[in-house]
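Chemist:
Residue numbers (my numbering): 43 to 425.
#1: Going by C-alpha to C-alpha distance, which of 359, 269, 366, 356 sits closest to residue 172?
#2: Could you please give me the residues that DSSP links to residue 130 through a beta bridge?
#3: Does DSSP put residue 422 in a helix, in a strand, or in coil?
#4: So what does residue 95 bridge to, in DSSP terms?
#5: Do three or more CB pairs link the stretch 254-267 to the stretch 211-221 at distances below 8 Å?
#6: To the nearest angstrom, how far is it from the Cα of residue 221 to the Cα of residue 159?
#7: By DSSP, does residue 246 sit in helix, in strand, or in coil?
#8: Taking all protein chains shown into account, do 16 or more other C-beta atoms lie within 10 angstroms of the C-beta of residue 413, making it buried, or fewer, making it exposed?
#9: Is the distance from the Cβ of residue 94 to the Cβ of residue 373 below 9 Å?
#10: In the DSSP output, what is residue 344 paired with across the bridge?
#11: Taking the CB atoms as reference points, tell me whether residue 249 and residue 178 lie closer together than 9 Å.
#12: Relative to the alpha-carbon of residue 276, which residue among 91, 239, 79 has its alpha-carbon at the smallest distance?
#13: Excluding the 5 residues flanking residue 244 on each side, which residues of the same chain have their C-beta closer than 8 Å to its C-beta?
#14: Which one of 300, 388, 395 has the shortest CA to CA distance from residue 455?
#15: Once DSSP output is grouped into helix, strand and coil, what is the label at residue 289?
#16: Can residue 169 and residue 127 be called in contact, C-beta distance under 9 Å?
#17: Apart from the five residues just before and just after residue 366, which ones in its own chain have a Cβ nearer than 7 Å to its Cβ?
#18: For residue 338, which residues from the same chain have a beta carbon less than 6 Å from its beta carbon, with the 5 sequence-adjacent residues on both sides left out?
#19: So, for residue 293: in the same chain, excluding its five sequence neighbours on each side, which residues have a beta-carbon less than 7 Å away from its beta-carbon?
#20: Between the stretch 413-423 and the stretch 123-137, can you find at least three pairs of beta-carbon atoms closer than 8 Å?
#21: Just the C-alpha distance for residue 334 and residue 92, rounded to the nearest angstrom, thanks.
#22: Which same chain residues end up closer than 7 Å to residue 408 when comparing Cβ atoms and leaving out the 5 residues on each side of it in sequence?
#23: Could you say which of 74, 157, 136, 132 lies nearest to residue 114 if we only look at CA atoms?
#24: If I'm right that residue 251 touches residue 188 with Cβ under 8 Å, what's the distance once you round it to whole angstroms?
#25: Any idea if residue 291 is buried or exposed, counting beta-carbon neighbours within 10 angstroms, 16 or more meaning buried?
#26: Starting from residue 214, trace the alpha helix (DSSP H) in both directions and tell me its first and last residue.
#27: Counting only the same chain and skipping the five closest in sequence on each side, list residues whose C-beta sits under 8 Å from that of residue 370.
#28: Could you tell me which residues DSSP pairs with residue 270 in its beta bridges?
#29: I'd like to know whether the C-beta atoms of residue 232 and residue 280 end up nearer to each other than 9 Å.
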């Protein structure tokens, strides 16, 4: 039996540890980060105390029933506001082309820079993922021919990799003062990308991650970038240690992220809705615990329900998970995937409802919750 006095001391010590972790000054890994980048990082930490920012991939480029219409977004059509966080991709930059994947729809790089600057001017946050093509075969990121080992210093394709990073650096420089959250080499604990677990060694993954950061920061003077680490939930247990597979080190990570489709409605997860929600909550608690311990930002870096087939998903799954407890409410931002144009791709593939969709009313309820911020509710993030 624990005596009352002992219990009080233990609880006080735990509270002190948590307070100390949360009080750590949020400082980007790059000591030369721009003032706007430092401000974004620190202000994301402040926002996370009260709210979670909502993000959407490719929101300005296209939507379910439209393509390249200036100023349009499915999110804005339904809710009246743009998302707070804008997701983009640099897929195809290794070839110097406009993009090898449907996410890019062959938009020019200048258009992405323009959209990023527009979002920034409205106070929004810009993120980029990187679905890099396989350097050995020249095929897509889904080609699982082992290739990461060729990118390490001394590797067969290392010089070509540096040339790719040169193009990437030039692209990031074109954004001017716009801070960028960059999420390369994501979902590496899965086996669906050529940089995934079982297709490369843990050592090579860490080497390539560190080289990516060091080269951009030290060799190319890219100082407007925050780096997000994001393993996939489907290949993690409940143990916190599973998160750290191929973790490149605190000095190489700004955002403690997680990609989680698995617990929020993935068809491969056959557990009950109640058990899935409980697992979703635990995954959020895990990244928040890690972020607090390390003095970093926690984020749900990629998530969503494809085709929005559950009309109450936004409030009963996503909002319920984010608002489950004091820890989960410290997620700084969440980002759902894109809304493919049906006429272009010939399929239904969308992660926010469009006008008239059965899930639209619930999406509006989600937006109206005081714990969720879209762009029209953003505080100043860059001062």
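C-beta: ideal position from N, C-alpha, C; glycine also.
Modeler: Quick answer:
#1: On the chain shown, residue 172 is found 130 positions in, with the first residue counted as 1. When 359, 269, 366, 356 are compared, the shortest CA-CA separation from residue 172 is found for 269.
#2: Translated into the one-based positions of the chain shown, residue 130 becomes position 88. When DSSP reads this structure, residue 130 sits in a beta bridge with 170.
#3: Locating residue 422 in the chain shown gives position 380, counting from the first residue. Here residue 422 sits in coil by DSSP.
#4: One-based indexing of the chain shown puts residue 95 at position 53. Answer is 375, 415, bridged to residue 95.
#5: The stretch 254-267 vs the stretch 211-221: in contact.
#6: Position 179 of the chain shown holds residue 221. Position 117 of the chain shown holds residue 159. Rounded to whole angstroms, residue 221 to residue 159 spans 10 Å at the Cα level.
#7: Translated into positions along the chain shown, residue 246 becomes position 204. Looking at residue 246 - three-state DSSP - the assignment turns out to be helix.
#8: Start at 1 with the first residue of the chain shown, and residue 413 comes out as number 371. Here residue 413 is exposed. Its C-beta has fewer than 16 other C-beta atoms within 10 Å.
#9: As a working mapping, residue 94 is identified with position 52 in the chain shown. As a working mapping, residue 373 is identified with position 331 in the chain shown. Their beta carbons are under 9 Å apart, which means residue 94 touches residue 373 by this criterion.
#10: Against the chain shown, residue 344 aligns to sequence position 302. Beta-bridge pairing links residue 344 to 301.
#11: Counting from one through the chain shown, the residue named residue 249 turns up at place 207. Counting from one through the chain shown, the residue named residue 178 turns up at place 136. By the CB criterion at 9 Å, residue 249 and residue 178 fall outside the cutoff.
#12: Locating residue 276 in the chain shown gives position 234, counting from the first residue. It is 239.
#13: Numbered from its first residue, the chain shown carries residue 244 at position 202. Within the same chain, residue 244 has close Cβ partners 287, 288.
#14: Coverage of the chain is limited to positions 43 through 425, which leaves residue 455 absent and any answer about it impossible.
#15: For the purposes of this step, residue 289 is taken as the residue at position 247 of the chain shown. Assignment of residue 289 by DSSP, reduced to helix, strand and coil, places it in the coil class.
#16: Taking the chain shown and counting its residues from 1, one reaches residue 169 at position 127. Taking the chain shown and counting its residues from 1, one reaches residue 127 at position 85. Taking 9 Å as the Cβ cut-off, residue 169 and residue 127 qualify as a contacting pair.
#17: What you label residue 366 is simply residue 324 of the chain shown in a count that begins at 1. 323, listed in sequence order.
#18: Counting from 1 along the chain shown, the entry for residue 338 is found at position 296. Result list for residue 338: 298, in chain order.
#19: Residue numbering aside, residue 293 sits at position 251 when the chain shown is read from its first letter. So the qualifying residues of the chain are 71.
#20: In this structure the stretch 123-137 touches the stretch 413-423; the number of beta carbon pairs closer than 8 Å is three or more.
#21: Taking the first residue of the chain shown as 1, we reach residue 334 at position 292. Taking the first residue of the chain shown as 1, we reach residue 92 at position 50. Going from the Cα of residue 334 to the Cα of residue 92 covers about 15 Å.
#22: Position 366 of the chain shown, counting from 1, holds the residue named residue 408. The residues are 356, 357, 360, 361, 414.
#23: The count along the chain shown starts at 1 and reaches residue 114 at position 72. Distances from the CA of residue 114 to each of 74, 157, 136, 132 were compared; the closest alpha carbon is that of 157.
#24: Translated into the one-based positions of the chain shown, residue 251 becomes position 209. Translated into the one-based positions of the chain shown, residue 188 becomes position 146. Going by Cβ atoms, the distance from residue 251 to residue 188 rounds to 17 Å, so no, they are not a contact pair.
#25: For the purposes of this step, residue 291 is taken as residue 249 along the chain shown, with counting starting at 1. Residue 291 should be labelled exposed.
#26: Taking the chain shown and counting its residues from 1, one reaches residue 214 at position 172. Per DSSP, residue 214 belongs to the alpha helix (DSSP H) from 200-215.
#27: Indexing the chain shown from 1 puts residue 370 at position 328. In chain order, 323, 326, 327, 330, 363, 364 place their CB closer than 8 Å to the CB of residue 370, counting only its own chain and leaving out the 5 sequence neighbours on each side.
#28: To locate residue 270, count along the chain shown from 1; it is residue 228. Partner(s): 297.
#29: For this step, residue 232 is matched to residue 190 along the chain shown. For this step, residue 280 is matched to residue 238 along the chain shown. In this structure, residue 232 sits away from residue 280, with a CB-CB distance that is not shorter than 9 Å.
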